[in-house]
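Q: Residue numbers (my numbering), protein chains in the order written: chain A, 1 to 114; chain U, 1001 to 1112. All C-beta atoms, glycine included, are put in the ideal place defined by N, C-alpha and C. No experiment lies behind these values; they were computed from the predicted model shown. This is the structure, below, for whatever I ask next.
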């Protein structure tokens, strides 16, 4: 039973380009969280999704960031026109039920904007 | 007030010491509580769930105090390998759904 899979593990983008981060939840899990972690800082909640539904996006920056979790396929976190401040580790976690049980994390995508 | 608050530390302790972390949460309706551990540049991993009656797993003991809305983690006989950031996690309501809410973490450094 594969765990939460994130890809790519490392992503380098030039300023102004788009970054697409993918997260495939564990089998049977229908809820996905995205978190951002800046160097030497804690996890910051970004968005919480169920398949085809955004439940809570209160942590998402209002511009340039979007997330989706389609009926088929992985969840995608999309960052348009990246800036240096977007450089961070982005973690995805999945859970089988609505926030009652624990969530399991992927290994993260480290985004570097040059 | 933050939904989940932790002392950021760092806690610097010698090997063999006992160390305790506390975490407070704001939503009295929260039902599920967890401690996660995060090593440097790695993903957080579940350390243990926290049950109402308290629970123990080897050198680790978790306690829940619903009346005061805090959770604690006690680590006995600290090892160098315990050095990590410990995250307190609580479930909370959001738009009719529950979601997990992470504290910012408490950093532990165990030295020889």
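The beta strand (DSSP E) spanning residue 1021/U covers which residue range?
A: Segment 1019-1025, the beta strand (DSSP E) holding residue 1021/U.
Q: Could you check how far apart the C-beta atoms of residue 4/A and residue 106/A are, in whole angstroms? I think they sit under 8 Å.
A: Confirmed, about 4 Å.
Q: Residue 103/A touches chain U at which residues, Cβ-Cβ below 7 Å?
A: Under the 7 Å cutoff, chain U gives 1100.
Q: Where residue 1061/U and residue 47/A are concerned, what is the direct C-alpha to C-alpha distance, given to the nearest angstrom?
A: Those two C-alpha atoms are separated by around 31 Å.
Q: Shortest alpha-carbon distance to residue 1029/U belongs to which of 1077/U, 1003/U and 1076/U?
A: Taking only the C-alpha atoms, the option nearest residue 1029/U is 1003/U.
Q: Looking at chain A, which residues of the segment 1031-1059 of chain U have a Cβ within less than 9 Å of any of its Cβ atoms?
A: Residues passing the 9 Å Cβ filter: 1031, 1032, 1034, 1036, 1038, 1041, 1042, 1043, 1044, 1045, 1046 and 1049.
Q: Using DSSP with H/G/I as helix, E/B as strand and the rest coil, what is residue 64/A?
A: Residue 64/A falls in the coil class under three-state DSSP.
Q: So, at 8 Å on beta carbons, what are the nonlocal neighbours of residue 1007/U in its own chain, with the 5 sequence-adjacent residues on each side left out?
A: Taken in chain order, the residues that qualify are 1021, 1022 and 1106.
Q: Strictly below 9 Å CB to CB, what residues from chain A border residue 1104/U?
A: Going along chain A in sequence order, the residues near residue 1104/U (Cβ under 9 Å) are 41, 42, 43 and 44.
Q: Counting only C-beta atoms, is residue 90/A closer than 8 Å to chain U at any point?
A: By this cut-off, residue 90/A is not an interface position.
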